[in-house]
Structures are given as structure tokens and as C-alpha cells.
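For the sequence shown, the UniProt record's numbering assigns the number 1 to the initial residue and increments by one for each residue that follows. For glycine and all other residues, C-beta sits at the position ideal for the given N, C-alpha and C. Here is the structure we will look at.
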Amino acid sequence: MQLKSMIWKELWQRPTPMLTSLLAVTLGVTALVAIQNITVFSERKIAGDMESLGANVLVLPPNVSLQDYYSADMHGHTMPEEYVTRLALARMAGVENLAPKLCVAADVDSIPVTLTGILPRSEFQAKSAWQGLGMLTNAVGTDAGCCAPKASVPSSGDNDPDSLATNRTIEELGDRDVILGRDIATQLGASVGDKLPLLGEEFKVLTILPATGTIDDGRVFAHLHSVQDLSEAGPVVNVIEIMACCEEAAGGLIGKLSAELPDTRVITIAQVVETQIAVNGLMSRLSWVFFSILLLVGGASIASVMYANVTERRKEIGTLMALGASRGFVTKMFLGKATLLGLAGGVGGFAAGTILAAILGPQLLGVHVQPMPSLLGVGMATATIVAVLASLLPARRAAGVDPCLVFNDA
């Protein structure tokens, strides 16, 4: 008697109960794979959307409100640029990008403009005290979800001046270069390469940002130190924008920032951050709830089928043992059958869940979903464990059948 052939015969002799159990396990894995798949790609999409909205944590002078910040930063209050250095050296977990800014009033050919000084990341890298700080040289990723580790080199997108519209930072910016928002470029009639008079100096238009629908569309961006020098403001900034990892932004990062800079006001764009955390957390919890319920149903179904199988086939099991099959052989036969059910349910659930996620993701959340091979292993392992555990007691009961008693009952 070969174990494999016996297991296959066991499966095919009474297929209907086994198919019912297989369906229950498959549905459990399907729910897990589909919801987890959508959740992961939803997190990545929301992370990208967060970047397009701008910073999610702001460090402002103590008397400045969030409303003042959104009114083009022209609140007249400043704080030392040295605060940026302190934040960089603090190396706080969750801080991905720092973007200090100084806004001053200026005019170009008698047209009033808001001149905003920004600090390119090459300036951070040039300071020896800040060398090796990954958060200042890493690009903010949009394809790995919140808080995922990034590569330690700037991405090619950050070298593009247009990255200022989304990443809030730029890699290089000359001391006499400017970047124009879409609206102000239209108002000035300026094009890339044109020369513009600003604060008594001539600046070259490096690029024109795509429309963002924010106050950035009406700004003129130049090097922070050029704006400080020409406006005679000194080494100060109006705001330090921080792209923070979402869980950290909603958690303990604000307290750490406030402790590091007690003379400032730290504000979280709470609604955006909390909404992201809530949606992602809800979807993740739902996936495990559905998965647990369906797997419990599947496990109970497998246990019920196995018990019924043992009860109905006591004579056959007794005959098998009378012919020389050991208790271990009988136990392995039932557990082997459960293992095959679990593996089949895991593979089938992964395939069904991936297809379901690919269909529902774009329709429900506007998220394009791709297969996640890692979930195949999770689904197969979990389904197999549940199936085997549900079959342990029935297998032990089958192995405990006494051939003599079975024949006496007959």
C-alpha cells in the first residue's frame, strides 16, 4: 500500500464533501488576498497623493496659524534658518524631507509677485555636518507605501526642477535661477530661459511648474540664500515644511519636533494624515476579519467532513489496519488529505483573490492592482495549517480504530 495512492483514492471516492471544504478554505484565502492586495496598492496611491498635496507637517513661528501659512506665507514672522540644521542633526524617525522657505514681496516689471526662497538638497549635501543623513538625500518614494525604506541616492525625478511641484524639494538650483508657478508665468508672459528682474538682480527662468491648483501656481521660487541676501532678511525662514512618514506624523513625531524646537509652532495637517491612517487600517483589519471568519468556517467544515468520513468508514479503516496498516499510516493518510486540501485552497484562493482585486480595485478605489506573489505563500501556508489542525482529532480517532471491535460489530 502506497500512501500517495491511498490519499488520492480517499479524495476522489467522496468528492462532494471535500469540494465543500475546499470551497470554504478557498473563499477565506480569496478574501485575504483580495483585500490585502487592494490595501497595499491603496497605501501606495495615497502616499503619492499625499506628496502631491505637499507637506503634512509644518514648523511655523509661534504666532502663525495654519490659515496664515495658506495665505501665501506672507505673515511677516520668521525664525532662524539654524532650526533646519537642528532638525537635520536630530535624525528623527519618520522625517523624509525638509523644505525651509522664506517668502518676500517683490515685483517683476511693476507686477507684484511672491518671491519664495527654497533650499535645494545639494545645499544639505554640501554641509559636512550633515553628510550621511539619509533622510536628506533620499527621494520621497511613491511606490512603496508610507514609511517604507528608500534608496540612499536621489532619484532621477528629483533632478527634474518640476519635482518641486510634488516632492517639495529640488536637487539643484542656481543662485540666479528662478522657477515660476503656472499662473504667474502666464501673467508675466515668461518662458523657460527668459531673464526676469528681481530685487535689483537679473534671474533666469529655469522651468515653469505644471499647474497644481495651490498657491504655488502664483509663486516665483528662487534659491533661499539669494532671497535672504537680496531682501536683507538675514538667515531666516517663514516655514519649514516636512514630508513625514504618515504613521509617525499621526503619532509621536509632533511631540519630538516641539521638544527640539520649543520656540516654534508645529502643525500637522491632521485631516489628511488621520484619514490615510484610518482608511488603510480599516481595510487591513477587515481583510483579517473576513479571512478569520471564512477560515474558521473552512476549518469547521473540514473537521466535520473528516469526522463523518471516519464514522462512515470504520469498517474500511479496520480492514485496512487488519491488512497491516499501522496507526501512523492511517494518521498520515488523513493528514495528507487535509494538506492537499489546504494547498489547493491556498493556490485557488490566491488566484481568485488576485483576479477579484484587479477587478474591484479600479472600480471601488481607483487603484490599479498587480499580483503580489508573497501572498501566495501566506495563503498556502495558512490554509494548510488550518486544514491540518482541523483534521488532527479526526485523524487520531481513525488511527484509534480497533479492527477486532469493528469486525465484532459487523
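Less than 8 Å between the CB of V388 and some heavy atom of the ligand FAD, yes or no?
-> With respect to the ligand FAD, the structure offers nothing, as it holds no ligand at all.
Minimum C-alpha distance to S231 - residue among A211, L199, V220 | Looking at the Cα atoms, L199 is the closest of the given residues.
Counting only the same chain and skipping the five closest in sequence on each side, list residues whose C-beta sits under 7 Å from that of residue 415.
-> Because the chain is modelled from 1 through 410, residue 415 falls outside the range shown and cannot be assessed.
6 Å Cβ shell around F203 - same chain, five flanking residues per side excluded = Non-local C-beta neighbours of F203 in its own chain, meaning closer than 6 Å and more than five positions away in sequence, comprise R176, V178, L196, ordered along the chain.
Are there 16 or more other CB atoms within 10 angstroms of the CB of T311, so buried, or fewer, so exposed?
-> Exposed: under 16 other Cβ atoms inside 10 Å.
Using a threshold of 9 Å, state whether the C-beta atoms of L224 and I118 are closer than that.
-> Going by C-beta atoms, L224 is nearer than 9 Å to I118.
Opposite M4 in the DSSP bridges: which residues?
-> The residue asked about is misnamed: residue 4 is Lys in this sequence, not Met. DSSP lists no partner for K4.
Looking at L341 and S5, is the spacing between their C-beta atoms short of 9 Å?
-> The answer is no: Cβ separation not under 9 Å.
Could you check the C-alpha separation between P394 and G328 for me, to the nearest Å?
-> Rounded to the nearest angstrom, the two C-alpha atoms are 13 Å apart.
Contact the segment 347-357 vs the segment 365-384: 3+ CB pairs below 8 Å = A contact is defined here as three or more CB-CB pairs under 8 Å, and the segment 347-357 meets this definition with respect to the segment 365-384.
From the beta carbon of L115, is the nearest beta carbon of chain B less than 9 Å away?
-> Of the protein chains in the structure, only one exists, and it is not chain B.
Boundaries (first-last residue) of the beta strand (DSSP E) holding G353 | Looking at the DSSP string, G353 is not in any beta strand (DSSP E); the run it does join, the alpha helix (DSSP H), is 327-360.
Could you check where the alpha helix (DSSP H) with D229 kicks off and where it finishes?
-> Per DSSP, D229 is one residue of the alpha helix (DSSP H) stretching across 224-231.
Check L286 in the structure and name its three-state DSSP category.
-> When DSSP states are grouped into helix, strand and coil, L286 belongs to the helix group.
When you compare only the Cα positions, how much space is there between E171 and K45?
-> Spanning the two alpha carbons is a distance of roughly 24 Å.
Just reading off the beta strand (DSSP E) that I170 is part of, what are its end residues?
-> Looking at the DSSP string, I170 is not in any beta strand (DSSP E), and its letter there is neither H nor E.
Under the assumption that L87 contacts V104 (Cβ atoms under 8 Å), give the Cβ distance between them as a whole number of angstroms.
-> About 23 Å; that fails the 8 Å criterion.
So what does DSSP say about E43, is it helix, strand or coil?
-> Helix at E43.
I242 versus M18, A93, V29, residue with shortest Cα-Cα distance | From the listed residues M18, A93, V29, the smallest Cα separation to I242 is found for A93.
Taking 9 Å as the cut-off, decide whether the C-beta atoms of Y83 and I240 are in contact.
-> Yes, the Cβ-Cβ distance between Y83 and I240 is below 9 Å.
Closest by CA to T30, which one among G193, F290, A325?
-> Comparing Cα positions, the closest option is F290.
Given that a residue counts as buried once 16 or more other Cβ atoms are within 10 Å of its Cβ, and exposed if not, what is E81?
-> Counting the other Cβ atoms within 10 Å of the Cβ of E81 gives 16 or more, which makes it buried.
Going by DSSP, name the residue or residues bridged to I242.
-> Per DSSP, V57, L98.
If you compare alpha carbons, which of A357, L364, I385 is closest to N37?
-> Nearest Cα to N37 within the set A357, L364, I385: A357.
From the DSSP output, read off the bridge partner residues of G281.
-> G281 is not bridged to any residue.
Length of the line joining the Cα atoms of D216 and G181 | Spanning the two alpha carbons is a distance of roughly 6 Å.
Helix or strand or just coil, what does DSSP make of A190?
-> A190 carries a coil assignment under DSSP once its states are collapsed to helix, strand and coil.
Return the CA-CA distance between residue 413 and W8, expressed in angstroms with no decimal places.
-> Nothing about residue 413 can be read from this structure; the chain reaches only from 1 to 410.
Going by C-alpha distance, which of L102, N63, S304, D107 is nearest P17?
-> Taking each of L102, N63, S304, D107 in turn and checking the Cα distance to P17, the smallest one comes out for S304.
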